[in-house]
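Undergrad:
Protein chains in written order, with the working numbering: chain B, 63 to 470; chain U, 956 to 1631.
This is the structure in structure tokens:
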């Protein structure tokens, strides 16, 4: 094909320009340390990298949330375990009250120690967390969890039920605190009956709960909060010295009957009733309305019984039974809360470990797509440099030949 | 005989002279643009009397020229498109501007605020990163908008250049025609060269077809068949004007006999620089801008909606944190009426907004139609929504549109400036400015609503172990729910009592019975309020566990609950929620939604893929052009070596012919000497 003068220059110039462009490109990749200078270099990888960046950043956030969550749980666990320890000490002291050899002064000494323990527990219940809000107040972190209500003399919970959750993975948000309402407040007071009322031929009656758990079962199944009258029971003793236990004037099914012997115990669902007198007679009693008593109020009750009431004998035994049953109930609740915390701590550890692995593989994938392989890039750079110098030399050779040089 | 020799010698000398001058002409015009190699040919004279007439011709192949022009157009189209596309491509490769990192940062700060909701500084960080994200949206959008303005300005410049070239061709046509085609007049070679060069320049601007007229004129047409240069030196001109948006110029043709008549010119088949510019705008720039605008609207609306479902740092119901402004529709230039249409994004419907523009048509007496336009500006079939106007000003939204769907917008028709005319059309393109109009309402950290507005409590003396499960808040609008402004619930605290048989009674604070639920399956009582016939309260809840008859629970406004982060957790999960609509028209079962990050990734992929395709097209069209140039140059290009050889040749023939003259002189002298 015939080559014109202009063609010769144009073709060689184009080669030089192309070689320069390629060299520029190779050096830019090396300098910016990426294979993808602009999205057009690899459109699908660019889109993929956008998605990966979001995942990596989210995962980092979840990991830092996990750290915060673990700290919160550890703090709560420490507070609860201290409270639990103090409760154990209080229980031991309460048991000592039953020592027959103690006088009122001895019991007063014990009650002073119980007061100290109450203050300690009160302090721990109002513990503040790392952010400066109250740990056990639920969502009301500026309100102190427990405080003494001067009007009633009872320690009342002023927080709410809320649990703040932290997101530690795309689908798992774990609670970082427990509300005082669940852990401290929700402790049942000892289930009892009201004082028995005798009428007719009965002279006196003494009720005693011998098997508290059996009585608790009976109570739970039979207490009726909609119809209060259903909580009234009667022991009806007829003239033939047979007794029947009735509920709200109606017989139970199956009917509970038996022979009545004055002074001997009638056993009914863990309740031991000792009635003196002769029939026809009636003893009325009711199931006491259910109450809750937190540990602070429980301790207050026993302290008041010793110091204000100065009780002894049967009354002291009654107060002690109340206190022991309620301290046990409170301890069970705290144990439950602590095992819940333990479960959550395990879960956080597992999820954090899993997230770490995911994060590594995400970062590796991103590096694969985006980052430059140094060996490859430097080779490319050297290649383009060589190509450019070769083309430049060719230009010189090809364009310097002309017939006019050889004409005379 | 002697005078024969003289004649022959003279003709030979003259012929060699002519040949030499042609060769010298070729050598001198080596660097002249558009010069084609000239060749002189001689006929021998009759009766053996030397050299006859000589004709100088241009060495040119019409097919090679046409191919060269066509490939020039193609390369110019691709180069122009690529130059513009590279700017957009580079814009989105810069991670500092990246919307994706901005969105990720925002949600990271929301998560941090969730970890400690009552801390003002972490809330402040959320507002701060909101502002940064908005700035990124604004910057990117204004850079893209700048490019659009640049395109319009470029179009103006190109149109002026093109018109100049068309003018030149027309006047050259006239001059060439004046020369005529005859034996006696030599063809005006340099005029022909000039005209061909002008045609080549024109093909850079626009792709053209040429037709040879009988009288030597060349007629020029666009690919669509519209005539640019016609016979007898008449020509049409191109014009650029915006209809309906004055900022968005399109190409039109002014007819020569009446410059007020404007014909539309299709931009799709135009080719050349102008075609590249216009196709870049409609295939890449505007879709990118629409996708960016759609991201802004989806994010703003989703955050607003979620914020309004929560309780803010002041204990009040959340308010919107972003505003997106009102968008006006552009009326077409030839609308008869003076009615105006405006639109806003309907609160809560941001995820229905498609990445398209809309065409609104008003048909008398009261029909209003809204259709979706695709990238080329054509209506997508099946997208029309027609409504009847019942009075002015008329507002359409999902509450009063048949089918309850208006692509996420609330449209208002207003005739205070004048009534609507029959057939009036408007173009609504909110996405072209929505990324710029997105602003924060204010940056007070307390406005972030991280807490939930309701909370429930169980009565401490309950016998059973019923507990509250999750609360779902769906609507806090005081007009349509049980919430009251600024922060409260009507009849709160509500009491929920278990009455046995898996049923609950709901009472308000004055113990009035509000409703009783149906018997629900035990163990987990879901949607208690809905079951009690109170579904329009705006929230609902679940109760778990086993309650005993008579157990009560209370539901109240979450006053003082500043450590609550339930709404904040949902807000943080918006990062992965499906907030963007993919297509304007699709079937009900299609997967038509995607998350914000997926949408951004799609946009990057779109830009990258389009630019990469144009890069390839540029390379391939460049190599095609090189081929065409090689063919053209091989026919019409001057080769110095060839001309050098010719110089020697014609010098020698000149010397030889001159010798004939001196030979004839010698013969004549000899004759004269003999006759003395």
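A virtual CB, placed ideally from N, CA and C, is assigned to each residue, including glycine. A quick note: this is a predicted structure, and the numbers were derived from the prediction, not measured.
(1) State the Cα-Cα distance for the pair residue 310 of chain B and residue 1456 of chain U, rounded to the nearest angstrom.
(2) Return the Cβ separation of residue 1312 of chain U and residue 1384 of chain U in integer angstroms, given the expectation that the two are a contact with Cβ distance under 8 Å.
(3) Please report the distance separating the alpha-carbon of residue 1133 of chain U from that of residue 1182 of chain U.
(4) Chain B beta carbons: is any one of them nearer than 7 Å to that of residue 1262 of chain U?
(5) Please confirm whether residue 1555 of chain U has its beta-carbon closer than 7 Å to some beta-carbon of chain B.
(6) Which runs of the beta strand (DSSP E), 3 residues or longer, sit entirely within the stretch 1213-1273 of chain U?
(7) Check each candidate in U/1280, U/1397, U/1449 and U/1427 and name the one with the smallest Cα separation from residue 1388 of chain U.
(8) Cα-Cα, which of B/235, B/204, B/329 and B/133 is closest to residue 268 of chain B?
(9) I need the boundaries of the alpha helix (DSSP H) containing residue 1635 of chain U, first residue and last residue.
(10) Does the Cβ-Cβ distance between residue 359 of chain B and residue 216 of chain B come in under 7 Å?
(11) Using the beta-carbon of each residue, which ones in chain U are nearer than 8 Å to residue 201 of chain B?
(12) Which residues in chain B have a C-beta closer than 7 Å to the C-beta of residue 1403 of chain U? List them in chain order.
(13) Check the Cβ of residue 1562 of chain U against every Cβ in chain D and list those closer than 7 Å, keeping chain order.
(14) So with Cβ pairs under 7 Å, would you call residue 1444 of chain U a contact of chain B?
(15) Among B/327, B/364, B/303 and B/150, which one has its Cα closest to the Cα of residue 379 of chain B?
(16) Quick test of your reading: residue 1459 of chain U and residue 1490 of chain U, contact by CB under 8 Å. State the CB separation rounded to the nearest angstrom.
(17) Should residue 1085 of chain U and residue 1498 of chain U be called a contact, given that it needs their Cβ atoms to be closer than 7 Å?
(18) Between the stretch 203-214 of chain B and chain U, which residues of the former have CB atoms less than 9 Å from a CB of the latter, in chain order?
(19) For a contact meaning CB atoms closer than 7 Å, what does residue 352 of chain B contact in chain U?
(20) How would you list, in chain order, the residues of chain B whose beta-carbon sits under 9 Å from the beta-carbon of residue 1525 of chain U?
(21) Going along the chain, which residues of its own chain have a beta-carbon closer than 6 Å to the beta-carbon of residue 1233 of chain U, five neighbours each way excluded?
(22) In angstroms, rounded to a whole number, what distance separates the CA positions of residue 266 of chain B and residue 337 of chain B?
(23) Kindly list, in the order they appear in chain U, the residues whose Cβ is closer than 9 Å to that of residue 466 of chain B.
(24) Whose C-alpha, out of U/1419, U/1507, U/995 and U/1476, is nearest the C-alpha of residue 1449 of chain U?
(25) Under three-state DSSP, which class holds residue 1360 of chain U?
(26) Measuring CA to CA, which of B/184, B/204, B/272 and B/95 is closest to residue 141 of chain B?
(27) What residue range is occupied by the uninterrupted alpha helix (DSSP H) comprising residue 402 of chain B?
(28) Tell me, please, whether the CB atom of residue 1509 of chain U is closer than 7 Å to any CB atom in chain B?
(29) Work out the CA separation of residue 1509 of chain U and residue 303 of chain B for me, nearest whole Å.
(30) According to the Cβ coordinates, are residue 17 of chain B and residue 99 of chain B closer than 7 Å?
(31) Mind listing the chain U neighbours of residue 130 of chain B? Cutoff is C-beta to C-beta under 8 Å, in chain order.
(32) To be precise: take each residue of the stretch 1124-1147 of chain U, compare its Cβ to all Cβ atoms of chain B, and keep it if any distance is under 7 Å. Which residues remain?
(33) Pick out whichever of U/964, U/1582, U/1033 and U/1030 has its Cα sitting closest to the Cα of residue 1003 of chain U.
(34) In chain order, what residues of the same chain have a beta carbon less than 6 Å from the beta carbon of residue 1369 of chain U, not counting five sequence neighbours either side?
(35) So which of B/332, B/139, B/226 and B/289 has the shortest CA-CA distance to residue 1406 of chain U?
(36) Output the distance between the C-alpha atoms of residue 493 of chain B and residue 72 of chain B, rounded to the nearest integer angstrom.
TA: Taking the definition as stated:
(1) Cα-Cα distance, rounded: 23 Å.
(2) 4 Å
(3) 22 Å
(4) no
(5) yes
(6) 1213-1219
(7) U/1280
(8) B/329
(9) In the structure as shown, chain U starts at 956 and stops at 1631, and residue 1635 of chain U therefore has no counterpart that could be examined.
(10) Cβ distance < 7 Å, so residue 359 of chain B and residue 216 of chain B count as in contact.
(11) The answer, in chain order, is 1406, 1410, 1513, 1515, 1516, 1517, 1518 and 1519.
(12) Within 7 Å Cβ-Cβ: nothing; residue 1403 of chain U doesn't reach chain B, min ~16 Å.
(13) Structure shown: chain D not included; protein chains present are B and U.
(14) Closer than 7 Å to the CB of residue 1444 of chain U there is not a single CB belonging to chain B.
(15) B/364
(16) About 15 Å separates the two Cβ atoms, so there is no contact after all.
(17) no
(18) Within the stretch 203-214 of chain B, those residues whose Cβ lies closer than 9 Å to any Cβ of chain U are, in chain order, 203, 204 and 205.
(19) 1416 and 1418
(20) Chain B residues near residue 1525 of chain U: none, gap ~10 Å exceeds 9 Å.
(21) 1222
(22) 6 Å
(23) Under a criterion of Cβ atoms nearer than 9 Å, the residues of chain U adjacent to residue 466 of chain B are, in order, 1595, 1596 and 1599.
(24) When each option's Cα is compared against that of residue 1449 of chain U, the closest is U/1507.
(25) coil
(26) B/184
(27) 376-432
(28) no
(29) The straight-line gap from Cα to Cα measures roughly 50 Å.
(30) Since the first and last residues shown for chain B are 63 and 470, residue 17 of chain B lies out of range.
(31) 1070
(32) none
(33) U/964
(34) 1295 and 1348
(35) Sorting B/332, B/139, B/226 and B/289 by C-alpha distance to the C-alpha of residue 1406 of chain U places B/226 at the top.
(36) With chain B represented from 63 up to 470, any question about residue 493 of chain B goes unanswered, as that position is not in the structure.
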